[in-house]
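Enquirer: Residues in the sequence shown are numbered consecutively from 1, following the numbering used here. A virtual CB, placed ideally from N, CA and C, is assigned to each residue, including glycine. After the structure tokens below, expect a handful of questions from me.
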Amino acid sequence: MAVTDELTCDDFLGGLVTVQQPRKGYRAGVDPVLLAASIDAKPGQKVLELGCGVGVASLCLAARVPGLLIAGVEVQEPYAALGRANAVRNNAPLQIVTADLRKLPDAIRQQRFDHVIMNPPYFDRSAGNASADGGRDVAMGGDTPLADWLDIGARRVGPRGYLTVIQRMERLPEVIGILQGRLGAMVLLPIAGRAAKPPELFILRARQEGRAPFRMAPPLIMHEGERHTEDVESYRPQVRDILRNAAALPFGV
Numbered sequence: 001m002a003v004t005d006e007l008t009c010d011d012f013l014g015g016l017v018t019v020q021q022p023r024k025g026y027r028a029g030v031d032p033v034l035l036a037a038s039i040d041a042k043p044g045q046k047v048l049e050l051g052c053g054v055g056v057a058s059l060c061l062a063a064r065v066p067g068l069l070i071a072g073v074e075v076q077e078p079y080a081a082l083g084r085a086n087a088v089r090n091n092a093p094l095q096i097v098t099a100d101l102r103k104l105p106d107a108i109r110q111q112r113f114d115h116v117i118m119n120p121p122y123f124d125r126s127a128g129n130a131s132a133d134g135g136r137d138v139a140m141g142g143d144t145p146l147a148d149w150l151d152i153g154a155r156r157v158g159p160r161g162y163l164t165v166i167q168r169m170e171r172l173p174e175v176i177g178i179l180q181g182r183l184g185a186m187v188l189l190p191i192a193g194r195a196a197k198p199p200e201l202f203i204l205r206a207r208q209e210g211r212a213p214f215r216m217a218p219p220l221i222m223h224e225g226e227r228h229t230e231d232v233e234s235y236r237p238q239v240r241d242i243l244r245n246a247a248a249l250p251f252g253v
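Written out as structure tokens, the structure is:
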């Protein structure tokens, strides 16, 4: 895969997945890999990723779990086009449509999925300033409220299926409030950079027709030590195994 002035070629899962993505603008990093690792999918199941970008989360999930049927929705055509090309390069069963998630095509709206996954914009556009880069602005803020992401995702979850979302910790009350009464059996996984730091992110899983009480899993600590002291990789063994060896990130069902 060629590296150009506009695109980079990046490896994920220790080179098991290779993608092109924009050199400038929104660039996928660790978060979609963690999201993919947390999905307890089985071969033959159907997965929908809302806001799939260049496809990193879906491609990492497909690399770990063979035989999935994965659909992706991405509003920005340049990112969607890269995602389609990345799916071909990785021989992954990922079909991406370019669409606003509020106007899903019939082919998506007429389906229910075993897993709906999403990494919605982390920041409330009404509470901040737009990025100068259009692609990054849509990915990090966008104009679709978080409530719409979660409502639309919940509608696409099939019987006994799961919705899984990664988001910033300060938006946890908002996420739970939106899903309350729609999905149940919620399990929360806090994600902290270091043991002495408060969690900055979380992954929340909720189940259609789930009746188990809310549960919080032990936090995932990303790095060793209390602080960053030198320019070397400091991931904890579990995290390194997820990022380099396509290990799963179990945190309950």
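Which ranges does the beta strand (DSSP E) cover as unbroken runs of at least 3 residues, wholly within the stretch 61-99, from first to last along the chain?
Expert: Those beta strand (DSSP E) runs which fall completely within the stretch 61-99 and span 3+ residues are 69-74 and 94-98.
Enquirer: Pair every Cβ in the stretch 79-94 with every Cβ in the stretch 104-119, then say whether three or more of these pairs are closer than 8 Å.
Expert: Judged by Cβ distances under 8 Å, the stretch 79-94 makes no contact with the stretch 104-119, as fewer than three pairs qualify.
Enquirer: Please state whether DSSP places Val232 in a helix, a strand or coil.
Expert: As a working note, residue 232 is residue 232 in the sequence shown. DSSP places Val232 in coil when its eight states are reduced to three.
Enquirer: Taking Ile221 as the reference, give the member of Glu209, Arg211 and Arg240 with the closest Cα.
Expert: Translated into positions along the sequence shown, residue 221 becomes position 221. Among Glu209, Arg211 and Arg240, the Cα nearest to that of Ile221 belongs to Arg240.
Enquirer: From Thr18 to Val73, what distance separates their C-alpha atoms?
Expert: Position 18 of the sequence shown, counting from 1, holds the residue named residue 18. Position 73 of the sequence shown, counting from 1, holds the residue named residue 73. Spanning the two alpha carbons is a distance of roughly 20 Å.
Enquirer: Below 6 Å CB to CB, which residues in the same chain sit around Ala192 once its five sequence neighbours on both sides are set aside?
Expert: Mapped onto the sequence shown, residue 192 falls at position 192. Correct list, in chain order: Pro199, Pro219 and Ile221.
Enquirer: Give the secondary structure of Ile39 by DSSP, where H, G and I count as helix, E and B as strand, and everything else as coil.
Expert: As a first step, residue 39 must be located in the sequence shown, where it is residue number 39. Three-state DSSP puts Ile39 in coil, outside helix and strand.
Enquirer: Going by beta carbon distance, what residues of the same chain come within less than 7 Å of Thr144, once the five residues before and after it are set aside?
Expert: Counting from 1 along the sequence shown, the entry for residue 144 is found at position 144. Within the same chain, Thr144 has close Cβ partners Leu101 and Arg102.
Enquirer: Are the stretch 42-57 and the stretch 18-32 touching, with three or more C-beta to C-beta distances below 8 Å?
Expert: Contact holds: three or more Cβ-Cβ distances are below 8 Å.
Enquirer: Along the chain, where does the beta strand (DSSP E) containing Pro218 start, and where does it finish?
Expert: By one-based count along the sequence shown, residue 218 stands at place 218. From DSSP, Pro218 is part of no beta strand (DSSP E); its letter is neither H nor E.
Enquirer: Which two residues bound the contiguous beta strand (DSSP E) that contains Gly184?
Expert: For this step, residue 184 is matched to residue 184 along the sequence shown. Per DSSP, Gly184 belongs to the beta strand (DSSP E) from Gly184 to Ala192.
Enquirer: Leu34: which of Phe202, Arg155 and Pro43 sits nearest, CA to CA?
Expert: By 1-based counting over the sequence shown, the position of residue 34 is 34. The residue with the shortest Cα to Cα distance from Leu34 is Phe202.
Enquirer: Pick from Arg155, Ile39, Leu50 and Cys60: whose alpha carbon is nearest that of Phe12?
Expert: Within the sequence shown, numbered from 1, the residue matching residue 12 stands at position 12. Measuring from the Cα of Phe12, the nearest candidate turns out to be Cys60.
Enquirer: Can you list, in chain order, the residues of its chain whose CB lies under 7 Å from that of Gly14, leaving out five sequence neighbours each side?
Expert: Walking along the sequence shown from the start, residue 14 turns up at place 14. Arg244 and Asn245.
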